[in-house]
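Numbers in my numbering are just positions in the sequence shown, counted from 1, shifted up by 12.
The next block holds one structure in the form of structure tokens; read it before the comments.
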Amino acid sequence: MTFNIDKYRKLNGNTLKLIACICMLIDHIGAAVILPVFQAGVQKDIFEFDKLNMFYKVLRFVGRSAFPIFAFLMVEGFYHTKNRLRYALSLFIFAIISEYPYDLAFNKTEGDFMYSSNVMFSLFIGLLVIWAVDFFRKEFSMSDKKIYRIAFYPASALVIAVGAYTAHVINCDYREFGIGIMLIFYFFHSFESVSLLASYFLLCGINNEFKSFPGFILLFFYNKKRGKNLGKLKYLFYIFYPAHLLLLYAIRYAIYKI
């Protein structure tokens, strides 16, 4: 009897995106509400320190799965979107919109963009890098002229280096590691097991990101379908990012005044 793993792959793109949003929300409850309470030393008596610390660790563990799912779906979106320019502009616009809520939620210096920037910038930079590499791949590496095929490598390396450096300088979430796993998802798009393993081990290069393995397991059960066409409702996923950051900041400020 032949074992067919495909029949167990029930997760479509919309379901994965919803799971990633839930994981991100759980993670940010820990990072935007509980962690600042620790840092300010104003934890309420209702929680003993040890219990609050354990709760915080559980929240952050769950949240580690969000980014690999978002990164994977960004690459899927690159392959399947009808308008890559609109896709890139959507990421960029919401990256700009989300920066102030991000700074408020994570208690960064207001207006200090270079201190740290939100994950939308990571996805935007990753998309631009992949777009450029994909262009070089089609224009150069498939050319009949050897000089063009050779040019693909330095041209792609330059774009990747610029993208990774930019992510590092603006200190967006996951920095150059995030760009790296998006590139792995792109280059090994047809070899899903390789892409999942390679990107997981790369992500393990960041402290505590080995805890992201549940997210990669979920990606293994992706059925390569987008799910129901949401139309304009797809932008709710974009709006959710700055909206939930503002909400968490408001909750923290209302309770702890920090």
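Backbone N, C-alpha and C fix where the C-beta goes; we use that ideal spot for every residue, glycine too.
Computed from a predicted structure; not experimentally measured.
So, with DSSP's three-state summary, where would you put residue i?
i, result
"Y127", "coil"
"L242", "coil"
"C184", "strand"
"D156", "coil"
"F79", "helix"
"K237", "coil"
"T93", "coil"
"K22", "coil"
"G217", "coil"
Quick one: Cα of residue i to Cα of residue j, how far?
i, j, result
"K246", "I159", "43 angstroms"
"F199", "G53", "46 angstroms"
"K29", "G239", "10 angstroms"
"F228", "R161", "34 angstroms"
"L231", "P166", "32 angstroms"
"Q51", "E111", "22 angstroms"
"S77", "R149", "30 angstroms"
"N24", "F84", "12 angstroms"
"I109", "V49", "26 angstroms"
"M66", "A255", "27 angstroms"
"S205", "I193", "13 angstroms"
"N220", "D62", "20 angstroms"
"L116", "I34", "20 angstroms"
"L257", "L242", "23 angstroms"
"A210", "L260", "34 angstroms"
"F169", "L195", "Residue identity check: residue 169 is Ala in the sequence provided, not Phe. Cα to Cα, A169 sits roughly 12 angstroms from L195."
"F252", "D156", "47 angstroms"
"F197", "K269", "42 angstroms"
"I41", "L103", "23 angstroms"
"E188", "K244", "31 angstroms"
"L37", "L71", "9 angstroms"
"Y212", "F225", "7 angstroms"
In its own chain, which residues sit with a C-beta less than 8 angstroms from the C-beta of residue i, not counting the 5 before and 5 after it?
i, result
"T93", "Y99"
"I191", "S134, I137, G138, V141, I172, G175, A176, A179"
"W143", "F90, R96, A100"
"F233", "Y20, R21, K22, L23"
"I218", "Y186, F189"
Quick check on the DSSP output: the alpha helix (DSSP H) that includes residue i runs from which residue to which?
i, result
"C35", "25-41"
"G201", "Here the sequence assigns His to residue 201, which means Gly is not the residue at that position. Unbroken run through H201: none, as it is neither H nor E."
"F61", "61-75"
"F232", "225-232"
"R98", "96-117"
"Y250", "247-268"
"A50", "Residue identity differs from the one stated: residue 50 is Phe in this sequence, not Ala. 47-52 is the span of the alpha helix (DSSP H), which, as asked, contains F50."
Who are the Cβ neighbours of residue i in its own chain at under 7 angstroms, not counting the five residues just before and after it?
i, result
"F73", "K223"
"F152", "Y160, R161, A163, F164, A167"
"F249", "K29, C33"
"A107", "N130, M132, F133, F136"
"M86", "L135, G138, L139, M194"
Using C-beta distances below 6 angstroms, list every residue in its chain close to residue i, excluding the 5 sequence neighbours before and after it, in chain order.
i, result
"A43", "none"
"A266", "none"
Indicate, with yes or no, if the ligand ZN has a heavy atom lying under 7 angstroms from the CB of residue i.
i, result
"K19", "Summarising the ligand content, the structure contains no ligands, and the ligand ZN is consequently not present."
**Message:** Under 8 angstroms, with one C-beta from each stretch per pair, do the region 127-145 and the region 180-188 reach the 3-pair mark?
**Reply:** As far as the Cβ criterion goes, the region 127-145 touches the region 180-188, which means the pair count is three or higher.
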